[in-house]
Amino acid sequence: MEEEKKTLDELDETEVVPVDEKHETFHFPWAVAIIIGVLMLLIIACFIVIMILEH
Numbered sequence: 007m008e009e010e011k012k013t014l015d016e017l018d019e020t021e022v023v024p025v026d027e028k029h030e031t032f033h034f035p036w037a038v039a040i041i042i043g044v045l046m047l048l049i050i051a052c053f054i055v056i057m058i059l060e061h
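Using my numbering, you'd call the opening residue of the sequence shown number 7 and step up by one each time.
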């Protein structure tokens, strides 16, 4: 009983921080999305230039 009560007292000393649901924990990597978008546009532009030069 003594040991059980001691561990419960120790647990009461620890502080539990509530999770704020409005706070966004995940941040989308916009820099990566912009780089991928620019690379896709460059690939499309290269395909268009290749198609034009083939004719």
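Quick reminder that beta carbons are idealized off the backbone N, C-alpha and C, glycines included. A quick note: this is a predicted structure, and the numbers were derived from the prediction, not measured.
Item: Contact set for VAL44: own chain, Cβ-Cβ below 8 Å, skip 5 residues either direction; Value: none
Item: Three-state class that DSSP yields for PHE32 in the structure shown; Value: coil
Item: Cα-Cα separation, MET46 to LEU59; Value: 20 Å
Item: TRP36 versus ILE42: straight-line alpha-carbon distance, rounded; Value: 10 Å
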